[in-house]
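Residue numbers (the numbering used here): 1437 to 1968.
Here a beta-carbon is modelled for each residue, glycine too, at the ideal position from N, C-alpha and C.
These figures come from a predicted structure and were not determined experimentally.
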């Protein structure tokens, strides 16, 4: 029984010892360091009296309640860099990068890191960011944008070198420093790249255009060669086919061609005979019909024109003594127009008859052409002769109709001539008024209206009547006391023998027009000055 108790006590003691050993024994993982504080210990490579012990990669005994064990991670850490910088040229940039760091493996670095980050390991990346941000701003301030773009290794190297001392004091080492991106809010970098990008695009377009041109030329050459080969083949085939067709056609047409040639020769000879006969008949027609008809027509036209001129002259002489009213003039003009229209209609009917005759002749000629060329030539000659004869008869009928119209209605002819020459007659009658500078009317506006009405209605008597009217206006002085042509009036309107009125100075020459109004002539009572 005693042995059992002893064995149990031994087991318990062993269990207690094992438990105490596990409780006191600490093992450092490969990625961490144990910092043991609470007693004065000596660590290799460190000075005396540091106050804590560092254990890495092995185990150690720790006295519970006497010593305190803390762990310091030796893993890699990453700190993002987002730094606003200004270059040597004064251009603002935003630099984005990343720093990969860790606590150093030596005891000195672990001790430095333990003193600074043992309880603040989460803030280690922030501290590293602040260190690199300051050095990065300083280094970028001494560089240009072109230097940063072309040589980023220089930027990262100088930044690592400048931050190395401070990182060593913190017990940290830099595994990697990378500049990911350099942003340019002002567009400076984009403008720098624009010429190069344009040059590259230009070269690319030129190369593409050259390639397209070469490809197109090759395709066109190939197509041209294919077309040329096709053309040559088709030409050869067409030539062979044409030779075969020609030989066959010649064989088929040998007999009909000989017969047609014989018929053609006969038709040619008949046509020549017919042409000679037609020429002879045309010459005979010229001598027997056309020339006498032309002479007779010319004689009739000449006699008719002479008779017409004589009648027109007589009508003009008779018209000088006749007052033409407006209504009569319109009727006479209308009558003359009707006569002209009748003559024109007669001429048109004659021309239409000639056209119909020519149409019939052309139809007969076309019909004769189908039968024989000789008959066609003869038919055309006869048709021309008939057309010439019909045209001569039509012209003679037109002349006869116009002469009859003139003989039947001479008044219409006179009215027509007066209507045609009326503007000249009125212009001649009014020409005498052109030299009058000032006119004084004794009967007011009614006198002027009556004066011009008489002048217009009496215009048919010609220029002589207009001159008589103007002479009557100029003879305004005398016994009735009217003003004379030189602008001076008699002092006594009844006797007409008084003294002349004194000239009232220079001024436009005036004339008084005698007008017999409804109240009779106005007596001149005393000489009125000019311009009354």
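- Between residue 1599 and residue 1571, the C-beta spacing is below 8 Å.
- The DSSP-derived three-state label of residue 1600 is helix.
- Counting along the chain, the unbroken alpha helix (DSSP H) around residue 1675 starts and ends at 1624-1721.
- Here DSSP, grouped into helix, strand and coil, assigns residue 1528 to strand.
- The Cβ atoms of residue 1597 and residue 1517 lie no closer than 8 Å to each other.
- Residue 1467 carries a coil assignment under DSSP once its states are collapsed to helix, strand and coil.
- In the DSSP secondary-structure assignment, residue 1619 is bridged to 1530.
- The segment 1581-1590 makes no contact with the segment 1556-1567: fewer than 3 CB pairs, one atom from each, lie closer than 8 Å.
- In the three-state DSSP reduction, residue 1503 falls in the coil class, being neither helix nor strand.
- Assignment of residue 1498 by DSSP, reduced to helix, strand and coil, places it in the coil class.
- In the three-state DSSP reduction, residue 1591 falls in the helix class (H, G or I).
- The beta carbon of residue 1577 lies closer than 8 Å to those of 1521, 1522, 1523, 1524 in the same chain, with the five residues before and after it left out.
- Under DSSP, residue 1518 shares a beta bridge with 1532.
- Taken through DSSP and simplified to helix, strand or coil, residue 1523 comes out as coil.
- In the structure shown, the three-state DSSP call for residue 1614 is strand.
- One thing to note: residue 1549 has its Cβ no nearer than 8 Å to the Cβ of residue 1490.
- Relative to residue 1602, the option among 1579, 1591, 1566 whose CA is nearest is 1566.
- With contacts defined by Cβ atoms closer than 8 Å, residue 1473 and residue 1457 do not form a contacting pair.
- Listed as beta-bridge partners of residue 1461 by DSSP are 1497.
- Per the coordinates, the alpha-carbon of residue 1828 lies some 56 Å from the alpha-carbon of residue 1688.
- DSSP places residue 1489 inside the beta strand (DSSP E), whose first and last residues are 1488-1492.
- Scanning the segment 1551-1584 from its first residue to its last, the whole alpha helix (DSSP H) runs of 4-plus residues come out as 1560-1577.
- Note that the segment 1525-1545 does not touch the segment 1499-1506; fewer than 3 beta-carbon pairs, one per stretch, sit closer than 8 Å.
- Residue 1821 sits close to residue 1721, with the two beta carbons spaced by under 8 Å.
- From the listed residues 1836, 1608, 1706, the smallest Cα separation to residue 1743 is found for 1836.
- Judged by their CB atoms, residue 1459 and residue 1507 are not nearer to each other than the 8 Å cut-off.
- Judged by beta-carbon spacing, residue 1618 lies within the 8 Å limit of residue 1531, meaning their Cβ atoms are closer than that value.
- Under DSSP, residue 1538 forms a beta bridge with 1609.
- With fewer than 16 other beta carbons inside 10 angstroms of its own, residue 1731 counts as exposed.
- Rounded to whole angstroms, residue 1492 and residue 1564 show a C-alpha spacing of 24 Å.
- Within the same chain, 1828 come within 7 Å of residue 1729 by CB-CB distance, once the 5 residues on both sides are set aside.
- In the structure shown, the three-state DSSP call for residue 1510 is coil.
- Distance from the CA of residue 1753 to the CA of residue 1825, rounded to the nearest whole angstrom, comes to 40 Å.
- Taking residue 1735 as reference, the option from 1859, 1637, 1709, 1831 with the minimal CA-CA separation is 1831.
- Within the same chain, no Cβ atom closer than 7 Å to the Cβ of residue 1647 is found once the five residues on either side in sequence are excluded.
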